[in-house]
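Beneath this line is the structure, given in C-alpha coordinates, with notes to follow.
Residue numbers (our numbering): 58 to 355.
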(Lines of atoms letter the chains of each structure in order from A and count residues from 1; the text may use other names and numbers.)
(Lines give C-alpha, C1' and ligand atoms only; values in the text may rest on other atoms or scores of the structure.)
Protein backbone atom coordinates (compact mmCIF):
# COMPACT_ATOMS: atom_id res chain seq x y z
CA UNK A 1 0.00 0.00 0.00
CA UNK A 2 1.26 3.47 -0.89
CA UNK A 3 0.42 6.18 1.63
CA UNK A 4 0.49 9.92 1.04
CA UNK A 5 0.96 12.80 3.45
CA UNK A 6 0.17 15.77 1.22
CA UNK A 7 -2.68 17.09 -0.93
CA UNK A 8 -2.08 18.14 -4.52
CA UNK A 9 -2.97 21.32 -6.36
CA UNK A 10 -5.30 20.86 -9.33
CA UNK A 11 -3.37 23.24 -11.60
CA UNK A 12 -0.03 21.51 -11.01
CA UNK A 13 -1.58 18.08 -11.38
CA UNK A 14 -3.12 19.09 -14.73
CA UNK A 15 0.22 20.48 -15.94
CA UNK A 16 2.08 17.28 -15.08
CA UNK A 17 -0.68 15.14 -16.56
CA UNK A 18 -0.43 17.06 -19.84
CA UNK A 19 3.37 16.75 -19.84
CA UNK A 20 3.43 12.99 -19.24
CA UNK A 21 0.68 12.32 -21.78
CA UNK A 22 2.26 14.59 -24.43
CA UNK A 23 5.81 13.24 -24.22
CA UNK A 24 4.60 9.69 -23.63
CA UNK A 25 6.92 9.15 -20.70
CA UNK A 26 7.44 9.62 -16.99
CA UNK A 27 10.71 11.54 -16.73
CA UNK A 28 11.04 11.84 -12.97
CA UNK A 29 10.51 9.06 -10.41
CA UNK A 30 8.22 9.35 -7.41
CA UNK A 31 10.33 9.09 -4.26
CA UNK A 32 9.01 6.45 -1.88
CA UNK A 33 10.31 5.50 1.53
CA UNK A 34 9.76 2.56 3.85
CA UNK A 35 10.82 1.25 7.23
CA UNK A 36 14.19 -0.33 6.55
CA UNK A 37 14.69 -4.08 6.32
CA UNK A 38 18.05 -5.79 6.80
CA UNK A 39 17.55 -8.21 3.91
CA UNK A 40 17.08 -5.35 1.45
CA UNK A 41 19.98 -3.42 2.96
CA UNK A 42 22.29 -6.43 2.59
CA UNK A 43 21.33 -6.90 -1.04
CA UNK A 44 21.82 -3.26 -2.01
CA UNK A 45 25.16 -3.15 -0.18
CA UNK A 46 26.32 -6.24 -2.06
CA UNK A 47 25.26 -4.83 -5.43
CA UNK A 48 26.83 -1.44 -4.64
CA UNK A 49 30.17 -3.11 -3.94
CA UNK A 50 30.50 -3.76 -7.67
CA UNK A 51 31.14 -1.32 -10.52
CA UNK A 52 28.29 1.17 -11.14
CA UNK A 53 26.43 1.59 -14.40
CA UNK A 54 26.40 5.38 -14.02
CA UNK A 55 28.65 7.59 -11.93
CA UNK A 56 28.72 11.35 -12.50
CA UNK A 57 28.36 14.74 -10.86
CA UNK A 58 25.37 16.81 -11.97
CA UNK A 59 25.49 20.52 -12.66
CA UNK A 60 24.31 21.32 -9.14
CA UNK A 61 27.28 19.46 -7.65
CA UNK A 62 25.31 16.39 -6.54
CA UNK A 63 26.96 13.01 -7.23
CA UNK A 64 24.77 10.37 -8.87
CA UNK A 65 25.82 6.70 -8.83
CA UNK A 66 23.53 3.91 -10.04
CA UNK A 67 23.83 0.13 -10.30
CA UNK A 68 21.67 -2.19 -12.38
CA UNK A 69 20.15 -5.35 -10.92
CA UNK A 70 19.48 -7.73 -13.81
CA UNK A 71 20.39 -11.09 -12.29
CA UNK A 72 17.15 -13.13 -11.92
CA UNK A 73 18.19 -14.46 -8.51
CA UNK A 74 18.86 -10.96 -7.19
CA UNK A 75 15.58 -9.70 -8.65
CA UNK A 76 13.80 -12.45 -6.71
CA UNK A 77 15.63 -11.30 -3.58
CA UNK A 78 14.32 -7.77 -4.11
CA UNK A 79 10.76 -9.04 -4.57
CA UNK A 80 11.00 -11.26 -1.49
CA UNK A 81 12.49 -8.45 0.58
CA UNK A 82 9.69 -6.03 -0.23
CA UNK A 83 7.04 -8.70 0.32
CA UNK A 84 7.48 -8.02 4.03
CA UNK A 85 7.06 -4.24 3.69
CA UNK A 86 3.53 -3.32 4.74
CA UNK A 87 3.47 0.27 3.46
CA UNK A 88 5.36 2.57 1.16
CA UNK A 89 5.19 6.31 1.77
CA UNK A 90 5.37 9.08 -0.81
CA UNK A 91 8.26 11.21 0.35
CA UNK A 92 8.44 13.45 -2.71
CA UNK A 93 6.33 13.44 -5.86
CA UNK A 94 2.66 13.60 -4.87
CA UNK A 95 1.88 15.54 -8.06
CA UNK A 96 3.89 13.13 -10.22
CA UNK A 97 2.05 10.15 -8.70
CA UNK A 98 -1.37 11.75 -9.16
CA UNK A 99 -0.53 12.76 -12.73
CA UNK A 100 0.67 9.26 -13.60
CA UNK A 101 -2.63 7.85 -12.33
CA UNK A 102 -4.56 10.43 -14.38
CA UNK A 103 -2.63 9.55 -17.54
CA UNK A 104 -3.31 5.85 -16.95
CA UNK A 105 -7.05 6.57 -16.76
CA UNK A 106 -6.96 8.75 -19.89
CA UNK A 107 -5.08 6.18 -21.95
CA UNK A 108 -7.23 3.34 -20.68
CA UNK A 109 -10.33 5.24 -21.85
CA UNK A 110 -8.74 5.85 -25.26
CA UNK A 111 -7.72 2.21 -25.66
CA UNK A 112 -10.69 -0.13 -26.21
CA UNK A 113 -8.28 -3.10 -26.14
CA UNK A 114 -6.75 -2.17 -22.78
CA UNK A 115 -5.51 -5.30 -20.99
CA UNK A 116 -4.36 -3.71 -17.74
CA UNK A 117 -0.70 -4.58 -18.25
CA UNK A 118 0.27 -1.69 -20.56
CA UNK A 119 3.25 0.45 -19.63
CA UNK A 120 1.04 3.43 -18.78
CA UNK A 121 -0.42 1.48 -15.87
CA UNK A 122 2.98 1.45 -14.15
CA UNK A 123 4.51 4.12 -11.93
CA UNK A 124 8.23 4.86 -12.03
CA UNK A 125 9.49 5.16 -8.47
CA UNK A 126 12.69 5.18 -6.45
CA UNK A 127 12.69 3.68 -2.96
CA UNK A 128 14.92 4.70 -0.07
CA UNK A 129 14.79 3.20 3.43
CA UNK A 130 13.70 5.65 6.10
CA UNK A 131 17.14 5.64 7.68
CA UNK A 132 18.81 6.91 4.51
CA UNK A 133 16.53 9.89 3.94
CA UNK A 134 16.86 13.36 5.36
CA UNK A 135 14.12 15.96 5.56
CA UNK A 136 15.46 19.48 5.24
CA UNK A 137 13.67 22.61 6.38
CA UNK A 138 10.97 24.06 4.13
CA UNK A 139 10.79 27.73 4.94
CA UNK A 140 8.22 30.44 4.32
CA UNK A 141 8.18 34.09 3.28
CA UNK A 142 5.11 36.35 3.18
CA UNK A 143 4.78 39.33 0.86
CA UNK A 144 3.19 41.77 3.34
CA UNK A 145 2.19 42.15 7.00
CA UNK A 146 -1.54 42.01 6.28
CA UNK A 147 -1.91 45.77 6.73
CA UNK A 148 -0.21 45.79 10.14
CA UNK A 149 2.64 48.00 11.23
CA UNK A 150 5.79 46.22 12.33
CA UNK A 151 5.09 47.13 15.97
CA UNK A 152 1.52 45.78 15.93
CA UNK A 153 2.65 42.66 14.08
CA UNK A 154 5.29 41.91 16.72
CA UNK A 155 2.79 42.55 19.50
CA UNK A 156 0.34 40.02 18.06
CA UNK A 157 3.05 37.44 17.39
CA UNK A 158 4.21 37.83 21.00
CA UNK A 159 0.85 36.60 22.29
CA UNK A 160 1.55 33.11 20.93
CA UNK A 161 5.36 33.04 20.78
CA UNK A 162 8.22 34.15 22.99
CA UNK A 163 10.34 36.58 20.96
CA UNK A 164 14.10 36.95 21.36
CA UNK A 165 15.44 40.06 19.67
CA UNK A 166 18.72 38.50 18.53
CA UNK A 167 19.04 35.20 16.72
CA UNK A 168 22.44 34.91 15.10
CA UNK A 169 21.94 31.21 14.32
CA UNK A 170 19.07 32.13 11.95
CA UNK A 171 18.00 28.48 11.65
CA UNK A 172 16.23 26.77 14.60
CA UNK A 173 18.02 23.96 16.39
CA UNK A 174 15.00 22.21 17.91
CA UNK A 175 11.27 21.63 17.58
CA UNK A 176 8.86 24.47 18.36
CA UNK A 177 11.55 27.06 17.64
CA UNK A 178 11.46 29.36 14.60
CA UNK A 179 13.62 32.01 13.02
CA UNK A 180 11.92 35.21 11.82
CA UNK A 181 13.58 37.73 9.52
CA UNK A 182 11.87 41.12 9.64
CA UNK A 183 13.22 44.58 8.93
CA UNK A 184 16.76 43.31 8.42
CA UNK A 185 16.84 41.59 11.83
CA UNK A 186 16.70 37.90 12.74
CA UNK A 187 14.55 37.10 15.78
CA UNK A 188 14.00 33.80 17.54
CA UNK A 189 10.43 32.65 18.16
CA UNK A 190 9.57 29.93 20.66
CA UNK A 191 6.04 28.56 20.78
CA UNK A 192 4.42 29.22 24.15
CA UNK A 193 3.54 26.07 26.07
CA UNK A 194 -0.19 26.77 25.95
CA UNK A 195 -0.31 26.37 22.16
CA UNK A 196 1.64 23.09 21.98
CA UNK A 197 -0.24 19.98 20.82
CA UNK A 198 2.32 17.19 20.96
CA UNK A 199 -0.46 14.64 21.50
CA UNK A 200 -1.66 15.22 17.93
CA UNK A 201 0.54 14.04 15.00
CA UNK A 202 -0.62 16.94 12.82
CA UNK A 203 -1.34 19.83 15.19
CA UNK A 204 1.97 19.16 16.95
CA UNK A 205 4.03 19.78 13.82
CA UNK A 206 5.93 23.05 13.66
CA UNK A 207 4.43 23.85 10.25
CA UNK A 208 0.98 23.48 11.84
CA UNK A 209 1.89 25.66 14.82
CA UNK A 210 3.19 28.40 12.54
CA UNK A 211 0.07 28.29 10.39
CA UNK A 212 -2.54 28.06 13.14
CA UNK A 213 -1.01 30.65 15.44
CA UNK A 214 0.72 33.13 13.12
CA UNK A 215 0.19 32.79 9.38
CA UNK A 216 -3.59 32.45 9.65
CA UNK A 217 -4.62 34.68 12.60
CA UNK A 218 -1.96 37.37 12.22
CA UNK A 219 -1.03 37.46 8.53
CA UNK A 220 -4.35 36.28 7.11
CA UNK A 221 -2.93 33.30 5.20
CA UNK A 222 -6.00 31.05 5.35
CA UNK A 223 -4.99 28.48 2.73
CA UNK A 224 -1.28 28.00 2.10
CA UNK A 225 -2.01 25.89 -0.97
CA UNK A 226 -3.83 28.70 -2.78
CA UNK A 227 -2.70 32.03 -1.29
CA UNK A 228 -0.31 33.84 -3.63
CA UNK A 229 1.06 36.00 -0.81
CA UNK A 230 3.16 33.17 0.59
CA UNK A 231 6.33 31.72 -0.92
CA UNK A 232 8.01 28.43 -0.02
CA UNK A 233 11.79 28.16 0.05
CA UNK A 234 13.49 24.77 0.18
CA UNK A 235 16.15 24.34 2.83
CA UNK A 236 18.89 23.68 0.30
CA UNK A 237 18.66 27.35 -0.73
CA UNK A 238 19.71 28.43 2.75
CA UNK A 239 18.97 31.40 4.97
CA UNK A 240 20.54 33.77 2.44
CA UNK A 241 17.57 33.30 0.12
CA UNK A 242 15.16 34.28 2.92
CA UNK A 243 17.21 37.40 3.61
CA UNK A 244 17.33 38.29 -0.08
CA UNK A 245 13.56 38.03 -0.47
CA UNK A 246 12.99 40.47 2.39
CA UNK A 247 15.91 42.79 1.67
CA UNK A 248 14.83 43.18 -1.97
CA UNK A 249 11.31 44.05 -0.88
CA UNK A 250 9.74 41.00 -2.51
CA UNK A 251 8.53 39.87 0.91
CA UNK A 252 7.96 41.59 4.23
CA UNK A 253 8.84 38.74 6.58
CA UNK A 254 10.42 35.29 6.35
CA UNK A 255 10.38 32.29 8.68
CA UNK A 256 12.87 29.45 9.08
CA UNK A 257 11.52 26.16 10.44
CA UNK A 258 12.93 23.09 12.12
CA UNK A 259 12.23 20.14 9.79
CA UNK A 260 9.95 17.27 10.78
CA UNK A 261 11.37 13.77 10.98
CA UNK A 262 10.58 10.96 8.55
CA UNK A 263 8.91 9.18 11.48
CA UNK A 264 6.58 12.14 12.03
CA UNK A 265 5.68 12.14 8.34
CA UNK A 266 4.92 8.41 8.48
CA UNK A 267 2.75 8.86 11.58
CA UNK A 268 0.62 11.43 9.74
CA UNK A 269 0.27 9.15 6.71
CA UNK A 270 -0.56 6.14 8.90
CA UNK A 271 -3.35 8.19 10.50
CA UNK A 272 -4.82 8.79 7.05
CA UNK A 273 -4.20 12.51 7.42
CA UNK A 274 -2.21 15.08 5.47
CA UNK A 275 0.46 17.56 6.49
CA UNK A 276 0.22 21.27 5.69
CA UNK A 277 1.47 22.20 2.20
CA UNK A 278 5.22 22.23 1.64
CA UNK A 279 6.04 20.61 4.98
CA UNK A 280 8.88 18.43 3.75
CA UNK A 281 11.94 18.94 1.56
CA UNK A 282 13.58 15.56 1.05
CA UNK A 283 17.17 14.84 0.18
CA UNK A 284 18.65 13.15 -1.80
CA UNK A 285 16.84 14.09 -5.01
CA UNK A 286 17.50 12.25 -8.25
CA UNK A 287 18.21 14.28 -11.35
CA UNK A 288 15.10 14.61 -13.52
CA UNK A 289 15.51 12.70 -16.77
CA UNK A 290 18.14 10.34 -15.37
CA UNK A 291 15.60 7.53 -15.55
CA UNK A 292 12.73 7.53 -18.06
CA UNK A 293 9.69 5.24 -18.19
CA UNK A 294 8.17 5.13 -21.70
CA UNK A 295 4.40 4.67 -21.79
CA UNK A 296 4.39 2.72 -25.04
CA UNK A 297 6.26 -0.44 -25.96
CA UNK A 298 9.34 -0.01 -28.12
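Built from N, CA and C at the ideal position, the CB exists for glycine as well. The structure displayed is predicted, hence computed values, not measured ones.
Report all residues from its chain with a CB closer than 8 Å to the CB of residue i; omit the five preceding and five following residues, and keep chain order.
{"i": "residue 104", "result": "124, 126 and 131"}
{"i": "residue 59", "result": "89, 144, 145, 146, 147 and 154"}
{"i": "residue 343", "result": "85, 86, 88, 121 and 183"}
Excluding five sequence neighbours on each side, which residues of the same chain lie with their C-beta closer than 6 Å to the C-beta of residue i?
{"i": "residue 171", "result": "165"}
{"i": "residue 200", "result": "286 and 308"}
{"i": "residue 92", "result": "187"}
{"i": "residue 182", "result": "86, 87 and 89"}
{"i": "residue 136", "result": "none"}
{"i": "residue 213", "result": "275"}
Short check: CB of residue i to CB of residue j, under 8 Å?
{"i": "residue 190", "j": "residue 157", "result": "no"}
{"i": "residue 218", "j": "residue 243", "result": "no"}
{"i": "residue 194", "j": "residue 228", "result": "yes"}
{"i": "residue 233", "j": "residue 247", "result": "yes"}
{"i": "residue 176", "j": "residue 302", "result": "no"}
{"i": "residue 122", "j": "residue 109", "result": "yes"}
{"i": "residue 312", "j": "residue 235", "result": "yes"}
{"i": "residue 299", "j": "residue 196", "result": "yes"}
{"i": "residue 275", "j": "residue 210", "result": "yes"}
{"i": "residue 333", "j": "residue 265", "result": "yes"}
{"i": "residue 101", "j": "residue 192", "result": "no"}
{"i": "residue 338", "j": "residue 295", "result": "no"}
{"i": "residue 239", "j": "residue 310", "result": "yes"}
{"i": "residue 208", "j": "residue 258", "result": "no"}
Among the residues of its own chain, which have a CB less than 7 Å from the CB of residue i, if the five just before and after it don't count?
{"i": "residue 84", "result": "345, 346 and 349"}
{"i": "residue 151", "result": "61, 63 and 65"}
{"i": "residue 77", "result": "83, 156, 157 and 160"}
{"i": "residue 94", "result": "138, 141 and 142"}
Take the Cβ of residue i as the centre, count every other Cβ of all protein chains shown within 10 Å, and call the residue buried at 16 or more, exposed below.
{"i": "residue 56", "result": "Here the chain comprises residues numbered 58 to 355, so residue 56 is not present and cannot be evaluated."}
{"i": "residue 198", "result": "buried"}
{"i": "residue 245", "result": "buried"}
Cα separation between residue i and residue j?
{"i": "residue 268", "j": "residue 241", "result": "23 Å"}
{"i": "residue 216", "j": "residue 249", "result": "8 Å"}
{"i": "residue 81", "j": "residue 326", "result": "31 Å"}
{"i": "residue 159", "j": "residue 280", "result": "25 Å"}
{"i": "residue 263", "j": "residue 113", "result": "37 Å"}
{"i": "residue 315", "j": "residue 230", "result": "7 Å"}
{"i": "residue 253", "j": "residue 260", "result": "8 Å"}
{"i": "residue 96", "j": "residue 128", "result": "17 Å"}
{"i": "residue 73", "j": "residue 86", "result": "13 Å"}
{"i": "residue 120", "j": "residue 140", "result": "30 Å"}
{"i": "residue 163", "j": "residue 256", "result": "42 Å"}
{"i": "residue 283", "j": "residue 69", "result": "12 Å"}
{"i": "residue 115", "j": "residue 184", "result": "20 Å"}
{"i": "residue 273", "j": "residue 79", "result": "39 Å"}
{"i": "residue 133", "j": "residue 106", "result": "19 Å"}
{"i": "residue 67", "j": "residue 75", "result": "12 Å"}
Can you tell me whether residue i sits near the ligand NAP, meaning its C-beta is under 7 Å from at least one heavy atom of the ligand?
{"i": "residue 267", "result": "The ligand NAP is absent from the structure shown, which contains no ligands of any kind."}
Practice task
Just list the beta strand (DSSP E) runs in the stretch 275-308, keeping only unbroken ones of 3 residues or longer that don't cross its boundaries, in chain order.
Solution key: Restricted to the stretch 275-308, the beta strand (DSSP E) segments that are unbroken, complete and at least 3 residues in length are 287-291, listed in chain order.
Exercise for the section: Run through the stretch 86-151 for me and flag every whole alpha helix (DSSP H) of 4 or more residues, listed as ranges in chain order. Expected result: 95-105 and 129-140
Exercise for the section: Could I get the ranges of all uninterrupted alpha helix (DSSP H) runs contained in the stretch 185-222, with 4 residues as the minimum, in chain order? Expected result: 207-214
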